[in-house]
Amino acid sequence: MAVISPFLCNFVRAIRAIGKNWFLRDHSRSSAALAFYSLFSLVPLLVILTKLAGMLVGDEAAQASIRAASTMFLDQDSSAYLIGLVERQSAPDWTGWMSLMAFGMLLFAASKVVVELREMLSLIFGIRHREGRRGWLITFALKRGVPILLILCLGFVIAISTVLGTLFHFLTERIYDGYADLVLWKWIEQLGSLLILTLIFTFVLRWLPPDPPCLRASAGGAVVASLLLGGLRHLMNLYFQNAGVTSIYGAAVTLVVVLLWIYFSVQIFFVGAEAAGYIQRRQRQADREAHDQENGVPMHNAKKLCEKP
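Counting in the numbering used here, the sequence shown runs from 11 upward without gaps.
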């Protein structure tokens, strides 16, 4: 009997399990729903994040950071379209009752897409038992409060990343002055963008689900989503350059392109979430087996799936 490499066997098993769960949970429909909700929540969300980050690092630096982050998910034209909407939408000040009320309504609208994303992640990771036994009022407060808190935290994370990015850019200009055209330096910049995207995905997977996975599983799923999203960006750019989308949709082409980017990006994120869920389940299974082995519980011989005739 020929024996397949254990690494290859585990890899194929993981791909099969992730693909099966992705299909059974109908994440393509969930992605379409999130793309629709983003029509109402995306601009308020970006306005809130820009306002929160601007309180610490200034409006110009915050807008530059939001623009750089949006280019990780969208193409240049779609990113410029969204940033233009954000710049035209004046965020309310933090003074006066009416301004605070307007800010609260803006925050409530921005949390809608995050609430829906949290609900869909609960299908993958489940919910905590104590959360299901709460009253409806407390459950509603949790469903809205946790996404709003996450939005506030993400605003401060963007502010911190802006400061670190500015410091990194200053140091690299000093060290690599005159070497910006080197191929190696371009690879370093791409790896830096990939690392930032992985950290954002890890942050969302670790804190947004009602029953979040461990940090190791969140990081593993974030790496998968970041790599796939990088490949998606190149494929989508090739498609939009050669498909003639403008002639099909006319004046609404920019909005359609933004929705398509969000739709496919969310599907990629759900693949990463399924990967995190798979890693979490494997970790729990390994912990149970180790616990049973320590307590002397007999273990049945598992079927050798890695063997084939």
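Virtual Cβ for every residue (Gly too), placed ideally from N, Cα, C.
- If you check the beta carbons only, do Pro220 and Leu127 fall under 9 Å apart? no
- Do you know how far the Cα of Trp271 is from the Cα of Val53? 15 Å
- Task: Quick one: measure Cβ to Cβ for Ser236 and Leu207, integer angstroms, because I've assumed they're closer than 8 Å.
- Result: 5 Å
- Query: Just how far apart, CA to CA, sit Ala71 and Gln200?
  - Reply: 21 Å
- Assumed close pair Met246, Phe279 - CB separation to whole angstroms, cut-off 8 Å: Actually they do not touch by this definition, with Cβ atoms about 15 Å apart.
- Message: Applying the 10 Å Cβ sphere with the 16-neighbour rule, what's the burial state of Lys61?
- Response: buried
- DSSP state of Ser15 mapped onto helix, strand, coil: coil
- Message: Considering only the alpha carbon of each residue, which of Leu133, Gly94, Ile210 lies closest to Thr264?
- Response: Gly94
- Take Ala227 as the anchor and find which of Leu242, Phe211, Leu239 has the nearest alpha-carbon. Phe211
- Beta-carbon separation (whole angstroms), Gly287 vs Ile134, contact threshold 8 Å: 5 Å
- Assuming Gln290 contacts Cys224 (C-beta within less than 8 Å), just tell me the rounded distance between them. 6 Å
- Cβ-Cβ distance between Val276 and Ala45 below 9 Å: yes
- Query: Is Leu215 buried or exposed, if buried means 16 or more other CB atoms sit within 10 Å of its CB?
  - Reply: buried
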